[in-house]
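K.L.:
Counting from 1177, one number per residue, gives the positions in the sequence shown under the working numbering.
We put the CB at the ideal spot given by N, CA and C, even for glycine.
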Amino acid sequence: MTTLTLARPDDWHLHLRDGAMMRAVLPWTARDFGRAIIMPNLVPPIVTGAQAGAYRDRILAALPEGSAFEPLMTLYLTEDTDADDVAAAHASGLVKAVKLYPAGATTNSASGVTNFDNVRLVLDRMAEIGLPLCVHGEVTDHDVDIFDREAVFIDRTLDPIRKATPGLRVVMEHITTSNAVDYARAQDDSLGATITTHHLVINRNHILAGGIKPHYYCLPVAKREEHRLALRAAATSGEARFFLGTDSAPHTDANKLLPCGCAGCFTAPNTLPILAQVFEEDGALDRLEAFTSKNGPAFYGLPVNADTITLTKTAPDLPGHIDTEDGAVTVFDPGFDLTWSVQ
Ligand code: DOR
Ligand code: ZN
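#1: Just how far apart, CA to CA, sit T1353 and T1443?
#2: Among A1362, D1321 and I1322, whose alpha-carbon lies nearest the alpha-carbon of D1335?
#3: Distance check for G1386 and T1333, CA to CA, integer angstroms please.
#4: Just the residues with CB closer than 6 angstroms to a heavy atom of the ligand ZN, in chain order, which are they?
#5: Let me confirm a value: N1166 is counted as buried when at least 16 other C-beta atoms fall within 10 Å, else exposed. Which label applies?
#6: Roughly how many whole angstroms lie between the Cα atoms of V1223 and K1272?
#7: With distance defined between alpha-carbon atoms, name the residue in H1427, T1412 and G1225 nearest to T1500.
#8: Need the endpoints of the alpha helix (DSSP H) that L1239 sits in, please.
#9: Residues in the same chain with beta-carbon distance under 7 angstroms from T1422, minus the five sequence neighbours each way, listed in chain order, please.
#10: How is the beta strand (DSSP E) around V1271 delimited, first residue to last?
#11: For the pair the segment 1424 to 1440 and the segment 1402 to 1416, tell me if three or more CB-CB distances fall below 8 angstroms.
#12: Of the choices L1405, I1383 and G1229, whose alpha-carbon is the least far from that of L1395?
#13: Do T1370 and E1349 have their CB atoms nearer than 8 angstroms?
#14: Can you tell me whether G1440 sits near the ligand DOR, meaning its C-beta is under 7 angstroms from at least one heavy atom of the ligand?
#15: Could you tell me if F1512 is buried or exposed, where buried requires 16 or more neighbouring beta carbons within 10 angstroms of its beta carbon?
#16: From G1477 to D1365, what distance separates their C-alpha atoms?
#17: Let me confirm a value: I1305 is counted as buried when at least 16 other C-beta atoms fall within 10 Å, else exposed. Which label applies?
#18: Measuring CB atoms only, is the segment 1222 to 1239 touching the segment 1254 to 1263, in the sense that at least three cross pairs come out at less than 8 angstroms?
#19: So what does DSSP say about G1368, is it helix, strand or coil?
#20: Examine the ligand DOR and report whether any of its heavy atoms sits within less than 7 angstroms of the Cβ of F1394.
#21: Shortest alpha-carbon distance to A1398 belongs to which of L1192, D1324, L1487 and T1484?
#22: Just to confirm my understanding: we take I1235, look at its own chain, exclude 5 residues before and 5 after, and list those with CB closer than 8 angstroms. What are they?
#23: Rounded to a whole number of angstroms, what is the C-alpha to C-alpha distance between I1330 and L1276?
#24: Do N1217 and the ligand DOR come close, with the Cβ less than 7 angstroms from some heavy atom?
#25: Using DSSP with H/G/I as helix, E/B as strand and the rest coil, what is G1313?
#26: For C1436, count the other beta carbons within 10 Å of its own beta carbon; 16 or more makes it buried, fewer makes it exposed. Which is it?
#27: Does the distance from the CB of A1439 to the CB of Y1392 come in under 8 angstroms?
#28: The beta strand (DSSP E) that contains G1503, what's its start and end?
#29: Mind checking whether the beta-carbon of N1284 lies closer than 7 angstroms to any heavy atom of the ligand MG?
#30: State the beta-bridge partners of V1295 as determined by DSSP.
#31: Closer than 7 angstroms to a non-hydrogen atom of the ligand DOR - does that hold for the CB of H1375?
#32: Any chance the CB of H1382 is under 7 angstroms from a heavy atom of the ligand DOR?
#33: With DSSP as the reference, label T1484 as helix, strand or coil.
#34: So D1499 is in the beta strand (DSSP E); what residue range does that whole segment cover?
#35: Regarding H1312 and the ligand DOR, is the C-beta to nearest heavy atom distance less than 7 angstroms?
#36: Return yes when the C-beta of H1427 is under 7 angstroms from any heavy atom of the ligand DOR, and no when it is not.
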């Protein structure tokens, strides 16, 4: 196969940041994707409907001329979140999901949730109105090994929340373990799971063996090879519960290459060429469109994008890094030569 036409993909988990960084990274997503769920972990976070509306306006103002890219806004759940404000932001069509960060789990998550009893009313309201909860699924307990934090979160936090809030629609975001794949498969269609580009490509050896690779460090951290293989099998299965959320998370090289560097892989520019290659290698090119373009809209109750993109079997001309006013941002290196280009 030398050309591949897909309904235009969407990205169901994206960090655009703000200001100069947003202006530099947004065109890369807007070039290939129709819509994206925009993460609210700015400093300070996007907590209210009014803040989400203002952030959406800043994104729209930064879009390249003529772009039809649509940012789908989220609210950052805190223990002070007002259920009425959430419901109003959803009713107006502005907000498509609420994001749960356990406090301290990752970049800019300090305002997240510590005591889940304090968000119970908001979760109940979300179940009532059908507004999905996007979950960063890691416990933050210091006595839990970082490679076990996702599996422990499923048992200790996620499953109890879902049982206590019947009908709540939940997205397990950026899953990294076979435990998460198995849990997702055992649930009804109120549960979806996103998988990133980079977790289909790297395992923890890529980060740590033969020298530390800060550009491969992200959260949840990549796990053992057996987990990567489980993620690949899930992504390429075509099953409706699994869809693409790149978690493309730009940080300047200056902030990555530190004694205590930031978590995040910047995959917006080369996600589709990487995915085409991954699906081709696994004999699943016919299921790529389900993962990138169909399963996500179905979960969110949105139409599939009406336009298409075409990939051709030629090496893409993509930069190794992009320049921003804040400094260079390195593009994720999959460790192999890419063979598909977005036309
Ligand atoms: O690697 C990550 N980077 N994981 C997250 O959950 C947050 C993200 C970021 O905002 O940089
Ligand atoms: Zn993220």
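P.N.:
Let me spell this out:
#1: Their Cα atoms are separated by approximately 20 angstroms.
#2: Among A1362, D1321 and I1322, the Cα nearest to that of D1335 belongs to A1362.
#3: When rounded, the distance between both Cα atoms is 35 angstroms.
#4: Output, sorted by chain position: H1189, H1191, M1215, D1423 and A1425.
#5: Residue 1166 falls outside the range modelled here, since the chain spans only 1177 to 1519, and no answer is possible.
#6: V1223 and K1272 have their alpha carbons spaced roughly 13 angstroms apart.
#7: The shortest CA-to-CA distance from T1500 to any of H1427, T1412 and G1225 is the one to H1427.
#8: Secondary structure note for L1239: it is in no alpha helix (DSSP H), with a DSSP letter that is neither H nor E.
#9: Listed in chain order, the non-local C-beta contacts of T1422 below 7 angstroms within the same chain comprise D1187, H1189, L1190, T1372, T1373, T1443, A1444 and T1447, local neighbours out to five positions each way being set aside.
#10: V1271 to L1276 is the extent of the beta strand (DSSP E) around V1271.
#11: No: fewer than three Cβ pairs fall under 8 angstroms.
#12: When only C-alpha atoms are compared, the closest one is I1383.
#13: Yes, the pair counts as a contact, with Cβ atoms nearer than the cut-off.
#14: Yes.
#15: By the C-beta density criterion, F1512 is exposed, having fewer than 16 other C-beta atoms within 10 angstroms.
#16: Cα to Cα, the separation comes out at about 12 angstroms.
#17: Its Cβ having fewer than 16 others within 10 Å, I1305 is exposed.
#18: A contact is defined here as three or more CB-CB pairs under 8 angstroms, and the segment 1222 to 1239 meets this definition with respect to the segment 1254 to 1263.
#19: DSSP places G1368 in the strand class (E or B) of the three-state scheme.
#20: According to the sequence displayed, residue 1394 carries Cys and not Phe. Yes - the ligand DOR has a heavy atom lying nearer than 7 angstroms to the Cβ of C1394.
#21: Among L1192, D1324, L1487 and T1484, the Cα nearest to that of A1398 is on D1324.
#22: So the list reads L1192, M1198, L1202, I1214 and P1247, once near-sequence residues are dropped.
#23: For I1330 and L1276, the distance between alpha carbons rounds to 14 angstroms.
#24: It does: the Cβ of N1217 is within 7 angstroms (strictly closer) of some heavy atom of the ligand DOR.
#25: Correct three-state label for G1313: coil.
#26: C1436 is exposed by the Cβ-count criterion.
#27: No; because the gap between Cβ atoms is not below 8 angstroms, this pair is not in contact.
#28: In the DSSP assignment, G1503 falls within the beta strand (DSSP E) that extends over G1503 to T1506.
#29: For the ligand MG, the structure offers nothing, since it holds only the ligand DOR and the ligand ZN.
#30: Looking at the DSSP assignment, V1295 forms no beta bridge with any residue, so it has no partner.
#31: Every heavy atom of the ligand DOR is 7 angstroms or more from the Cβ of H1375, so no.
#32: Checking every heavy atom of the ligand DOR against the Cβ of H1382, none is found closer than 7 angstroms.
#33: When DSSP states are grouped into helix, strand and coil, T1484 belongs to the strand group.
#34: Segment H1497 to T1500, the beta strand (DSSP E) holding D1499.
#35: Answer for H1312: yes, Cβ within range of the ligand DOR.
#36: At least one heavy atom of the ligand DOR is nearer than 7 angstroms to the Cβ of H1427, so yes.
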